[in-house]
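Each remark here refers to the structure printed beneath this line.
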Amino acid sequence: MTQLASDTDAAVPVTPQYRMGQRELLTLMSAIMALMALGIDTMLPAFDEIREAFDLGDSSPRAGQVITVFFMGLAIAQLAWGPIADRFGRKPVLYAGSIIYIIGAAGSALAPTFELLLLSRFVWGLGAAGARVVATAIIRDRFEGSQMAKAMSQVMVVFMLVPILAPSIGAGLIAIFPWRSIFWFCAIFAIAIGLWSLRMRESLDPANRRPLQLRSTASGYVEVARTPVTSGYTNATIFLQGVFTTYLASSELIISEVFDREDQFPLIFGLVALLFAAGAILNGRIVVRVGVHRLINTVYALLIPTTLLLCAISIFAGGQPSIWVYMPVLALTLSSFMFLMPNLNTAALGPVGHLAGTASAYGGAIRMAGGAVLGTIVSAFVSDSTTPFSIGIALLCLGSWITVLIVRRHSPELTTEHLSTPVATTA
18 MTQLASDTDA AVPVTPQYRM GQRELLTLMS AIMALMALGI DTMLPAFDEI REAFDLGDSS
78 PRAGQVITVF FMGLAIAQLA WGPIADRFGR KPVLYAGSII YIIGAAGSAL APTFELLLLS
138 RFVWGLGAAG ARVVATAIIR DRFEGSQMAK AMSQVMVVFM LVPILAPSIG AGLIAIFPWR
198 SIFWFCAIFA IAIGLWSLRM RESLDPANRR PLQLRSTASG YVEVARTPVT SGYTNATIFL
258 QGVFTTYLAS SELIISEVFD REDQFPLIFG LVALLFAAGA ILNGRIVVRV GVHRLINTVY
318 ALLIPTTLLL CAISIFAGGQ PSIWVYMPVL ALTLSSFMFL MPNLNTAALG PVGHLAGTAS
378 AYGGAIRMAG GAVLGTIVSA FVSDSTTPFS IGIALLCLGS WITVLIVRRH SPELTTEHLS
438 TPVATTA
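Basically the working numbering = 1-based index in the sequence shown + 17.
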């Protein structure tokens, strides 16, 4: 967790230890973070080709499993990469993660069966997790206080643009090359990042290296898991991550099969992603004025009726609603998560500030793993109708809201004033 400090805080000065200036460093960090998004969003336009190549059947939701297993790899590896980076340094983890990333991408490109494709995607996720952890850690090493928050914001702005552009990149590659070229593109991008990072010096001070102690690491995770507020709010984010995973796994099928807009999928997906970015920017401004818990309450009060409206639109239209009616409501539903996820994470980390790194890794792993499982279950029911998708989203959002209510009921010390000042997180 990154805590905002005073305006006098500044970036760590560039010395001979660092070959890169601040602008180049932040650009590289953005590119490293983009590895994860590229591993997800570039292949969404290839779902039809995946179904055909592996005889999954037309409109099969199984193609979406290439997304969910990737998230599973991301979730599991986060718990390991953090302590390893603190022991051996950032660059070794970046190189190791990049190699695993490349192996996963190449394995996906060469996979002769769907099962081997899923295994390769899982390995791919393991490598992507290393890149994600290292990018955040390097920013923490190089910057302090408010300058760190500013640097992370700059990186995240670029990171949020990737889902807008990635489907178009994937569609463009498919239009020119075989569909497996998407995997090779990601592998080549990872190689380029690895070569670029040779210019960067190790950012971890040798004095700050921590020994790998399984017992202390495990005890930290146990303490975080046994903290009711932390575990409760983390559980609430699992349901929201499940919605997000369901959308990623099912959006291509819905837009192509239900709305018959296959050629427009990259554009539609990009517009929804644009609302995500707008929501993230607005959240940073609004939460300062209204506070974390009050904003969470307000957003849930709007989210639940919106998901019920989404169900009603779908049911009354027999699962075949107008795209001009359905997609705006869906986009509004999804963009509201940008007002929930960061603030729920902030509230979850509040009671365990002394274990911020451990709590961040725990939250990220539990959220992605649980969300991948829920997303797999819901997306399995999605075919040529929006009704199962809509009901699944509504139930998951309801589950998240109920979980928050349970946390509040069993933790009476939580008030609107608690955590009223936002804390920037990089979980």
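By construction, the Cβ of each residue, glycine as well, lies at the ideal position given by its N, Cα and C atoms.
Using the three-state DSSP reduction, which class does F398 fall into: helix, strand or coil?
F398: coil per DSSP, three-state reduction.
My understanding is that R107 touches E219, with C-beta atoms under 8 Å, so please give their C-beta distance in whole angstroms.
The pair is a contact, with the Cβ atoms about 6 Å apart (cut-off 8 Å).
Measure the Cβ-Cβ separation of T251 and G380 and say whether it is below 8 Å.
It is a contact, given that the beta carbons lie within the stated cut-off.
For A27, which of helix, strand or coil comes out of DSSP?
Bear in mind that the predicted position of A27 carries a pLDDT of just 44, short of 50, making it unreliable; the figure below should be weighed with that in mind. Here A27 sits in coil by DSSP.
With DSSP collapsed to three states, give me the class of F71.
Three-state DSSP puts F71 in coil, outside helix and strand.
In three-state terms, what does DSSP make of F276?
In this structure, F276 counts as coil in the three-state DSSP scheme.
Just mark G38 as buried or exposed, buried being the case when its beta carbon has 16 or more other beta carbons within 10 Å.
Under this definition G38 is an exposed residue.
With DSSP collapsed to three states, give me the class of P338.
Coil.
If I271 sits next to T403, beta carbons under 8 Å apart, how far is it from one beta carbon to the other, in whole angstroms?
So it is a contact: roughly 6 Å between Cβ atoms.
Please tell me whether S428 and V241 are closer than 8 Å, where the distance is taken between their beta carbons.
Not a contact, by the Cβ cut-off of 8 Å.
Quick check: what's the CA-CA separation for L412 versus Q337?
One C-alpha to the other measures close to 20 Å.
Can G367 and Q258 be called in contact, C-beta distance under 8 Å?
The answer is no: Cβ separation not under 8 Å.
With M50 as the anchor, note down where its alpha helix (DSSP H) starts and where it stops.
Start and end: Q39 to D58.
DSSP state of Q230, grouped into three classes?
Of the three classes helix, strand and coil, the one that applies to Q230 here is coil, per DSSP.
At a cut of 8 Å, does the stretch 318-326 reach the stretch 350-358 through at least three beta carbon pairs?
In short, these stretches touch, since the Cβ pair count reaches three.
Would you tell me roughly how many angstroms separate the C-alpha atoms of D75 and V86, rounded to the nearest one?
In a straight line, the C-alpha of D75 is about 21 Å away from that of V86.
Helix, strand or coil: how does DSSP classify H435 here?
With a pLDDT of 45 at H435, under the threshold of 50, the modelled position of that residue is not reliable, and the figure given next carries that caveat. In the structure shown, H435 sits in coil (DSSP, three-state: anything other than H, G, I, E or B).
In the structure shown, what three-state DSSP assignment does A499 receive?
Within the shown structure, residues of the chain are numbered from 18 to 444, placing residue 499 beyond reach of any answer.
Pick from S267, I394, L422 and V309: whose alpha carbon is nearest that of D401?
Checked all of S267, I394, L422 and V309; the closest Cα to D401 is S267.
Ignore the nearest five residues each way along the sequence and tell me which others in P180's own chain have a CB closer than 6 Å to its CB.
For P180, where only same-chain residues beyond five positions count, the Cβ hits under 6 Å are A54, D58 and A290.
Under a three-way DSSP split, which group does P180 fall into?
Note: P180 maps to helix in three-state DSSP.
What's the C-alpha gap between I93 and V307?
About 35 Å.
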